[in-house]
Amino acid sequence: MKIKICGMKDSENIQEIASLNPDYLGFIFYEKSERNIQIKTLPIIPETIQKVGVFVNTPLEAIINKIHQYNLNVLQLHGNESIEFCKTLKKDLQKISRKITIIKVFSIGETFDFNLLLPYEKICDYFLFDTKGKQHGGNGIVFNWQLLENYPSEKHFFLSGGIGIDEIDLVQEFLKTNIGKKCYAIDVNSKFENNTGLKDVTRCKQLINKLR
């Protein structure tokens, strides 16, 4: 099981969490977020860790600039990005010499229509399912994972939304289900913080040890 730790913003804390060797570290480029990253360059991170840029309705040119500035490997689109936008983005990414992965986020509520995902299947590498809330992520609330039984795709996904240490046993049970077998990675954020944007090393280590 892959593990993504998101909302990193402090250089020292980034290095501390990187020493645990998660599969992905997420950096939020959204000024309205309390976890918006403001450092101009990232500290040295092992190449085994994928650097994820999280964007919310960000203009295409700005995304490309951040890819180069922070040497990003993955783009997480957390807004209302249209299929046309994603197609244009993917085309522009082909001009970059290395593979850039695209994750499209969908916020899941009781009435979510999973057919909305279908046009994105050939464009995005993964989907990420988060809890529908007031904010674009970081709401700290778990959604009803049984809703994913309506997931019509074979594409693997990231599971997000309010996952903390107390939910890990539930995550392990979910992974045993038919739909859970399509879960590629677990994405965590606010439930692993001491302060906003500062991840607790001990809890993150517990997470990695339990899910690997």
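Just so you know, this note's numbering puts 741 at position 49 of the sequence shown, and the rest follows in order with no gaps.
Beta carbons: idealized from backbone N, C-alpha and C, even for Gly.
Beta-carbon contacts of residue i that lie in its chain and below 6 Å, excluding the five residues immediately before and after
i, result
"SER799", "ASP822, LYS824"
"LEU840", "ILE871"
"ALA877", "LYS694, LYS696, PHE850"
"LYS701", "ARG727, ILE729, GLY889"
Which listed residue (the options) has its alpha carbon closest to that of residue i
i, options, result
"VAL766", "GLU776, ASP861, VAL797, ASN772", "VAL797"
"LYS873", "ASN881, SER882, VAL863", "VAL863"
"ASN757", "LYS732, LYS779, ILE775, PHE777", "LYS732"
"LYS787", "GLY832, PHE777, HIS760", "HIS760"
"PHE721", "THR740, ASN807, CYS698, ILE775", "CYS698"
Environment of residue i [buried if 16+ CB atoms lie within 10 Å]
i, result
"GLN838", "exposed"
"ILE795", "buried"
"LYS783", "exposed"
"ALA754", "exposed"
"ASP879", "buried"
"PRO738", "exposed"
"ASN881", "buried"
"GLU773", "buried"
"GLY853", "buried"
Contacting residues, own chain, Cβ-Cβ under 7 Å from residue i (five flanking each side not counted)
i, result
"ASN705", "LEU890, LYS891"
"PRO735", "SER703, ILE706, GLN707"
"ILE900", "ILE695, LEU712, PRO714"
"ALA710", "LEU717, ILE737, PRO738, ILE741"
"ARG904", "MET693"
Proximity below 8 Å, CB of residue i to CB of residue j
i, j, result
"CYS896", "PHE884", "yes"
"LEU717", "VAL748", "no"
"LEU820", "PHE849", "yes"
"LEU785", "LEU752", "no"
"THR894", "GLU726", "no"
"ILE855", "GLN898", "no"
"ILE833", "ILE775", "no"
"GLU813", "LYS779", "no"
Beta-carbon contacts of residue i that lie in its chain and below 8 Å, excluding the five residues immediately before and after
i, result
"THR911", "Any question about residue 911 goes unanswered here, given that the chain covers just 693 to 904."
"LEU810", "PRO844, SER845"
Whole runs of the alpha helix (DSSP H) within the region 856 to 898, excluding any shorter than 4 residues: Listed in chain order, they are 860 to 866.
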